[in-house]
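For what it's worth, our numbering labels the leading residue of the sequence shown as 239, then goes sequentially.
What follows is a set of notes on a single structure, which appears directly below.
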Amino acid sequence: MQNLIIAILQRLVITPDSALKNGIHVVAGPGTGKSRLLALLIAWLLLWRMKSQVIIDPTGGVVDNIIAKIARQPLPIRRRIWPRIHYVDLGASDYVVPSPLYYRQSQADTTFEIANRFLTVLKRQDPQLQSAPILGWNSLYECGLYAGQIAVALDAQIDFVADLVRDPRQYKDLLKQALMVDPKLKPAVTYFRELMDPKSGALRSRRTDSFRNKLLPLQSDPTMFATFAAPRRGIDWEQIDRSGHTVLIDARDERDADRRQFKLLWWFRDFVDYIKYRGMTGRGREIGFLIDEVTQLLGYRTAEGQSLLAEDLEELTSVLGRNFGVNSVISHQNMSQVDPRIQNVLMQMGTQCVGVLTNDDDALLMARVLHRYNPSMVRKREPVWMSVREDVWPYTDFVPEIIDYTTTEFTPDEQVRLAADTLRGLPKFTFLIRNATEEGNLSTRVQRVSIANVDRNQYPDPHQVNEIRSYLRVKSGISVDEVTSLIEQEREKRLMGSRRKRSDDNAILNEGGEQHEKSQERSDFSTQTRPNQAEAGESFKEELWTQK
239 MQNLIIAILQ
249 RLVITPDSAL
259 KNGIHVVAGP
269 GTGKSRLLAL
279 LIAWLLLWRM
289 KSQVIIDPTG
299 GVVDNIIAKI
309 ARQPLPIRRR
319 IWPRIHYVDL
329 GASDYVVPSP
339 LYYRQSQADT
349 TFEIANRFLT
359 VLKRQDPQLQ
369 SAPILGWNSL
379 YECGLYAGQI
389 AVALDAQIDF
399 VADLVRDPRQ
409 YKDLLKQALM
419 VDPKLKPAVT
429 YFRELMDPKS
439 GALRSRRTDS
449 FRNKLLPLQS
459 DPTMFATFAA
469 PRRGIDWEQI
479 DRSGHTVLID
489 ARDERDADRR
499 QFKLLWWFRD
509 FVDYIKYRGM
519 TGRGREIGFL
529 IDEVTQLLGY
539 RTAEGQSLLA
549 EDLEELTSVL
559 GRNFGVNSVI
569 SHQNMSQVDP
579 RIQNVLMQMG
589 TQCVGVLTND
599 DDALLMARVL
609 HRYNPSMVRK
619 REPVWMSVRE
629 DVWPYTDFVP
639 EIIDYTTTEF
649 TPDEQVRLAA
659 DTLRGLPKFT
669 FLIRNATEEG
679 NLSTRVQRVS
689 IANVDRNQYP
699 DPHQVNEIRS
709 YLRVKSGISV
719 DEVTSLIEQE
729 REKRLMGSRR
739 KRSDDNAILN
749 EGGEQHEKSQ
759 ERSDFSTQTR
769 PNQAEAGESF
779 KEELWTQK
């Protein structure tokens, strides 16, 4: 079976690694085998080669096929692969993988850069904020940026930001402390000092209400609170990158559309920020980035009808992939789901993989991408007749004979129509592929590939997959109660004023180094094995790793 997969991939996407930097675009209707293509071929190859990859799956189809594929392997292979799997269940209510909103990617990060990440995601999710004249983007951005900068200076998270925005008077001493840590925060400190006056209720409401509304889901939902207010991160991207691990980000159980979109956008931006931090050093150490159902990330559009995520996708496929070593795979169901700018970005990706398209406009659009005009393609041949004299003694006669043929060729539009009909009539598990031969060089050849015999009639067992997902959720995450307890302990310390006051600039510098060391001693969710993980590993039956 491995030889079959490799043989298909050699025809499909196994071109020189440099060609994969151009990306792979997969478009196919529902029920055509797209998830199996992504999981059993593309993702499985990277797992088999021990290459790093990140998979964002809003619906769970790709994740289920990967889990089931691993479970069908012999025990030695399972023991080699499972430890390299990190599972992020965005809809879980018991265990979460922490991803704090304020984190330092490198020592060179400024408080502005750190505080601005969260605001960038809000802008991507709701671009209509920019058109609101009063309680819109301007007031939200000012409040969110200043509050975030102060939180970064104090090594705090979004729970502190929410308290500060609601009632800055309780944090007078901490505002002084933040200013001593970073004198550049004077505008931010002044901003909140102006809101401390009890008579400034109208001013406080005008400045902070828009941002407080965006904080409400993070505060009211225990899982979101535990995820985004945690003191440390649960995924170390550099460790994933260097160790050849796979991160599965599964959003199937997050049923609220806005929350699902926010979480998907956050994890997307989080990974992309790491790629930018890694920079040119990533060349030669490529990392796979697979996004299924990309339309789940696109979200709302601007007043001009453009999706702000189009800029991010364009940067991902055109800049980061080629220069920073990211092999992107982007998948969705039809072209009409995305606006023209994103269509252009997707169709410029090096490898185009197209399955059954039932929508006529989609089929015509992709036919224009895949089909190359053939001026010699004959639609009709017509004979040319002529009366030819024949002398048969003693008579002379004229008989009709074909002396030539005239041809009528298919017009370019007619050839595109024929290609579109082919796309609409493709069998299940069959794709038309136009792949890249090398970086910057696209093939004009279109191949027909079937994956029907790859793991034929072997589909995920829902009961088995759910049990394995439950174990992976515990193995990769931390309980919501445990994270919430840590957050509340930090909050109580702030409110009680138990932190030592800094007396001068030298003390600030010295204690800053000690504080950094102590922060490293806190619960590092990405490296420590907690008791609940060990218990889950002992109780997890080994037969669940194999197909029953």
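All C-beta atoms, glycine included, are put in the ideal place defined by N, C-alpha and C.
Here the structure is a predicted model, which is why all the values come from computation and not from measurement.
Residue i - DSSP class collapsed to helix/strand/coil
i    : result
G472 : coil
G526 : strand
R318 : helix
L258 : helix
I294 : strand
V399 : helix
N572 : coil
Q590 : strand
P621 : strand
I280 : helix
V532 : coil
H483 : coil
H263 : strand
Q753 : Note that Q753 scores 42 on pLDDT, short of 50, meaning its location in the model is unreliable and no value can be drawn from it.
E789 : Outside the shown range of the chain, which is 239 to 786, sits residue 789, and nothing can be said about it.
H609 : coil
E492 : coil
R683 : coil
Neighbour-count burial assignment, residue i, 16 or more Cβ in a 10 Å radius
i    : result
M624 : exposed
K514 : exposed
D411 : exposed
N673 : buried
S614 : exposed
Q477 : exposed
M288 : exposed
E720 : buried
M604 : buried
V703 : buried
A346 : exposed
T349 : buried
R619 : exposed
N691 : exposed
D397 : buried
E492 : buried
D327 : buried
M518 : exposed
P665 : exposed
S290 : buried
Supposed close pair residue i, residue j - CB separation, criterion 8 angstroms
i    : j    : result
A416 : A391 : 4 angstroms
I716 : V334 : 7 angstroms
S714 : W504 : S714 to W504, Cβ: 17 angstroms. No contact.
G563 : G520 : 3 angstroms
Q571 : A306 : Wrong, their Cβ atoms sit about 22 angstroms apart, outside the cutoff.
Y325 : L486 : 5 angstroms
D479 : R444 : With a Cβ gap of about 44 angstroms, D479 and R444 do not count as contacting.
Y341 : R471 : 6 angstroms
CA-to-CA distance, residue j to residue i, given in whole angstroms
i    : j    : result
K272 : L339 : 33 angstroms
P436 : V718 : 36 angstroms
D494 : Q387 : 30 angstroms
R610 : D651 : 11 angstroms
G593 : F667 : 8 angstroms
E726 : E552 : 41 angstroms
A385 : A658 : 54 angstroms
L258 : I315 : 26 angstroms
S556 : N260 : 7 angstroms
I293 : F463 : 24 angstroms
D743 : M418 : Legend: pLDDT at D743 = 40, less than 50; position of this residue unreliable, no value from coordinates given.
E351 : F509 : 15 angstroms
L558 : K424 : 36 angstroms
D599 : S574 : 8 angstroms
H483 : S723 : 30 angstroms
Y709 : I473 : 17 angstroms
T465 : L602 : 44 angstroms
Beta-carbon contacts of residue i that lie in its chain and below 6 angstroms, excluding the five residues immediately before and after
i    : result
C591 : V264, F669 and I671
R606 : V654
L367 : G374 and W375
Y409 : L402
Beta carbon proximity, residue i to chain C, threshold 9 angstroms
i    : result
L378 : Here chain C cannot be found, since the structure has a single protein chain.
Same chain only: Cβ atoms within 8 angstroms of residue i, ignoring 5 sequence neighbours per side
i    : result
Q499 : Q363, Q534, L535 and G537
A774 : Confidence in A774 is poor, its pLDDT being 44 and thus under 50, which makes the residue's placement too unreliable to answer from.
Cut-off 7 angstroms between Cβ atoms - residues of its own chain near residue i, not counting five sequence neighbours on either side
i    : result
R597 : The amino acid at residue 597 is misidentified as Arg; the sequence shows Asn. Around N597: N572 and S574.
R732 : F398 and L412
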